[in-house]
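Heads up: the sequence lines are chains W, V, P and E, in that order. Residues 1 to 139 in UniProt numbering are what the first sequence lists, from first letter to last. Residues 1 to 139 in UniProt numbering are what the second sequence lists, from first letter to last. Residues 1 to 139 in UniProt numbering are what the third sequence lists, from first letter to last. Residues 1 to 139 in UniProt numbering are what the fourth sequence lists, from first letter to last. By construction, the Cβ of each residue, glycine as well, lies at the ideal position given by its N, Cα and C atoms. Small disclaimer: the values here were computed from a predicted structure and weren't measured. A short write-up of the structure that comes next.
There are 4 protein chains.
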Amino acid sequence: MSGINKVILVGHLGKDPEIRHLEGGVAVASFPLATSETFNKDGRKVEQTEWHNIVMWRGLADVAAKYLQKGKLVYIEGKLRTRSFEDKEGIKKYTTEVVAENFTMLGRKTDFETEGAPRNGARTAETDGYRNDADDLPF
Amino acid sequence: MSGINKVILVGHLGKDPEIRHLEGGVAVASFPLATSETFNKDGRKVEQTEWHNIVMWRGLADVAAKYLQKGKLVYIEGKLRTRSFEDKEGIKKYTTEVVAENFTMLGRKTDFETEGAPRNGARTAETDGYRNDADDLPF
Amino acid sequence: MSGINKVILVGHLGKDPEIRHLEGGVAVASFPLATSETFNKDGRKVEQTEWHNIVMWRGLADVAAKYLQKGKLVYIEGKLRTRSFEDKEGIKKYTTEVVAENFTMLGRKTDFETEGAPRNGARTAETDGYRNDADDLPF
Amino acid sequence: MSGINKVILVGHLGKDPEIRHLEGGVAVASFPLATSETFNKDGRKVEQTEWHNIVMWRGLADVAAKYLQKGKLVYIEGKLRTRSFEDKEGIKKYTTEVVAENFTMLGRKTDFETEGAPRNGARTAETDGYRNDADDLPF
DNA sequence: TTTT
DNA sequence: TTTT
Numbered sequence: 001m002s003g004i005n006k007v008i009l010v011g012h013l014g015k016d017p018e019i020r021h022l023e024g025g026v027a028v029a030s031f032p033l034a035t036s037e038t039f040n041k042d043g044r045k046v047e048q049t050e051w052h053n054i055v056m057w058r059g060l061a062d063v064a065a066k067y068l069q070k071g072k073l074v075y076i077e078g079k080l081r082t083r084s085f086e087d088k089e090g091i092k093k094y095t096t097e098v099v100a101e102n103f104t105m106l107g108r109k110t111d112f113e114t115e116g117a118p119r120n121g122a123r124t125a126e127t128d129g130y131r132n133d134a135d136d137l138p139f
Numbered sequence: 001m002s003g004i005n006k007v008i009l010v011g012h013l014g015k016d017p018e019i020r021h022l023e024g025g026v027a028v029a030s031f032p033l034a035t036s037e038t039f040n041k042d043g044r045k046v047e048q049t050e051w052h053n054i055v056m057w058r059g060l061a062d063v064a065a066k067y068l069q070k071g072k073l074v075y076i077e078g079k080l081r082t083r084s085f086e087d088k089e090g091i092k093k094y095t096t097e098v099v100a101e102n103f104t105m106l107g108r109k110t111d112f113e114t115e116g117a118p119r120n121g122a123r124t125a126e127t128d129g130y131r132n133d134a135d136d137l138p139f
Numbered sequence: 001m002s003g004i005n006k007v008i009l010v011g012h013l014g015k016d017p018e019i020r021h022l023e024g025g026v027a028v029a030s031f032p033l034a035t036s037e038t039f040n041k042d043g044r045k046v047e048q049t050e051w052h053n054i055v056m057w058r059g060l061a062d063v064a065a066k067y068l069q070k071g072k073l074v075y076i077e078g079k080l081r082t083r084s085f086e087d088k089e090g091i092k093k094y095t096t097e098v099v100a101e102n103f104t105m106l107g108r109k110t111d112f113e114t115e116g117a118p119r120n121g122a123r124t125a126e127t128d129g130y131r132n133d134a135d136d137l138p139f
Numbered sequence: 001m002s003g004i005n006k007v008i009l010v011g012h013l014g015k016d017p018e019i020r021h022l023e024g025g026v027a028v029a030s031f032p033l034a035t036s037e038t039f040n041k042d043g044r045k046v047e048q049t050e051w052h053n054i055v056m057w058r059g060l061a062d063v064a065a066k067y068l069q070k071g072k073l074v075y076i077e078g079k080l081r082t083r084s085f086e087d088k089e090g091i092k093k094y095t096t097e098v099v100a101e102n103f104t105m106l107g108r109k110t111d112f113e114t115e116g117a118p119r120n121g122a123r124t125a126e127t128d129g130y131r132n133d134a135d136d137l138p139f
């Protein structure tokens with residue numbers, strides 16, 4: 001039976017998205033996202049930051065490349081996926097990623113403006129609330 | 001600023017929960033959870049299963065120990081947490097876990113009955129929809 | 001700026017879906033869904049049931065018509081939408097509905113078999129985890 | 001069996017929270033929240049705003065009274081609840097509300113500063129990521 | 001490596 | 001009635 005595998009994050013990009021193109025031309029964007037939590041410990045405020053590896057495919061990767069940047073606040077919805085790989089020493093390791101299915105930019109209007117984009121009315125419908133229509137992801 | 005780090009899963013336990021008690025008596029339960037996704041690939045049905053490491057603390061661990069079992073269908077809400085550890089060879093590795101904040105059992109009523117529990121009206125409010133009231137988790 | 005409007009429900013259908021076709025042929029399915037919550041009140045178990053009006057459009061409505069039935073357990077993801085209408089006395093009233101964006105059937109395999117469907121391997125990828133690809137909904 | 005009834009919203013307050021105290025002293029805060037969605041219709045950008053009635057109880061209401069204000073951007077998690085009431089003409093009507101279980105403020109640091117609060121370091125752990133510990137709500 |  |  002089918003199950004549910006859903007992740008909801010609101011956080012800041014730790015770096016600009018890194019874009020790769022697979023053989024066949026499929027675009028893949030990836031970047032780290034920080035979600036911080038503040039709580040009281042013995043009367044002192046403590047901040048705990050969790051880092052997530054975000055991966056975006058195809059059309060979503062293109063939009064990410066265009067609008068997401070280090071420091072931006074973003075809402076991301078996706079699913080968990082753990083895959084194995086071999087490091088340089090040939091040791092098998094595992095990594096868990098959040099494969100994004102859609103994202104929405106949060107924050108001030110100026111936050112949506114990028115270097116390469118016009119400063120007036122640059123934001124399109126696709127920038128906020130972009131939904132991946134490619135559910136035929138290769139995994 | 002604070003962010004959001006939320007995971008929502010519906011899946012089946014791959015094993016009975018494993019219960020440990022830390023020095024101080026704090027209970028920790030852990031078990032693998034499978035979420036399956038079925039999709040069409042070239043006209044054939046393909047099932048993809050993702051495995052998640054679930055961790056429950058304190059009161060939630062106690063309830064898990066009492067009611068959760070291999071094969072049960074459960075809804076879990078929690079957050080992502082990646083931690084490092086050294087394997088037996090002393091190699092540093094990372095693992096990502098879902099730290100559960102509450103869970104709800106899904107499925108038939110008979111699914112809530114366990115070996116050790118009475119067969120009549122055994123299910124209490126705590127079994128379905130248990131919420132962790134210990135937000136002072138040690139991480 | 002764009003926001004987030006998301007609803008996640010797991011519950012049982014109170015009735016079979018009711019299917020209508022708008023002028024233009026667009027299919028709309030609607031049905032009530034019950035989500036129950038059990039809690040302790042003064043030592044006694046009390047069950048509280050909340051009823052939700054679910055609406056599905058286009059392809060999702062077709063799948064609902066085919067597979068969803070009174071009593072089935074289903075996971076639904078969607079968004080809130082409040083609209084006004086006039087009752088028979090001409091009094092303006094409001095109703096809040098959950099416009100589903102995708103759903104997944106939960107429960108036993110036999111629960112996925114319907115009257116009109118073959119009893120062997122009838123379940124297709126579309127039955128569980130159907131995602132609405134029509135984001136151009138008329139509202 | 002227990003179900004899931006969960007709402008996740010990110011939006012702006014349409015008004016300051018309105019605080020009432022029930023007999024017994026229980027605090028209740030309520031306010032409208034707007035979630036906007038932008039999409040393309042025939043090449044033109046169209047914005048659709050949905051309004052939600054948010055209700056917060058007890059400790060959560062107190063925190064809301066202290067920190068939430070008209071215009072603020074906030075993440076809210078809660079559940080749906082439909083209740084009936086009689087309007088001034090004695091006509092029975094229904095209203096659906098989102099009973100918040102926790103909220104997190106989003107946006108710039110200056111957005112967390114209120115009239116009555118000191119401008120330096122005013123924000124405490126409670127302002128972002130407040131979780132309602134009173135699950136014994138009166139409904 | 002983000003943000004407050 | 002919010003925000004962009």
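For residue i, three-class secondary structure by DSSP
i	result
G59 (chain V)	helix
K79 (chain E)	strand
K70 (chain E)	coil
Minimum Cβ-Cβ distance from residue i to chain E less than 7 Å
i	result
Y94 (chain V)	no
V7 (chain V)	no
Beta-carbon neighbours of residue i, restricted to chain V and to distances below 8 Å
i	result
T104 (chain E)	S2, G3, I4
R81 (chain W)	E50
Distance between beta carbons of residue j and residue i, contact taken as under 8 Å
i	j	result
A64 (chain V)	A29 (chain V)	4 Å
K93 (chain P)	K93 (chain E)	6 Å
V7 (chain P)	V7 (chain E)	5 Å
T38 (chain E)	E47 (chain E)	5 Å
V26 (chain V)	G3 (chain W)	The pair is not a contact, with the Cβ atoms about 29 Å apart (cut-off 8 Å).
V98 (chain W)	I76 (chain W)	7 Å
G71 (chain V)	E101 (chain V)	Rounded, the Cβ-Cβ distance is 23 Å, inconsistent with contact.
L80 (chain V)	T96 (chain V)	6 Å
Closer than 8 Å at the beta carbon, the chain W residues around residue i
i	result
Y75 (chain E)	V10
C-beta neighbour in chain V for residue i, strict 7 Å
i	result
G14 (chain P)	no
For residue i, the residue or residues it bridges with in DSSP
i	result
G11 (chain E)	E:V74
P17 (chain P)	According to DSSP, P17 (chain P) bridges with nothing at all.
S84 (chain W)	W:Y94
V99 (chain V)	V:V55, V:K79
V46 (chain W)	W:F39
A34 (chain E)	E:H12, E:W51
L22 (chain W)	In DSSP, L22 (chain W) forms no bridge with anything.
L106 (chain W)	W:L73
Listed by chain order, chain P residues near residue i by CB distance under 8 Å
i	result
residue 157 (chain E)	Here chain E comprises residues numbered 1 to 139, so residue 157 (chain E) is not present and cannot be evaluated.
Cross-chain neighbours of residue i in chain V, by beta carbon under 9 Å
i	result
G107 (chain P)	L73, L106, G107, R108
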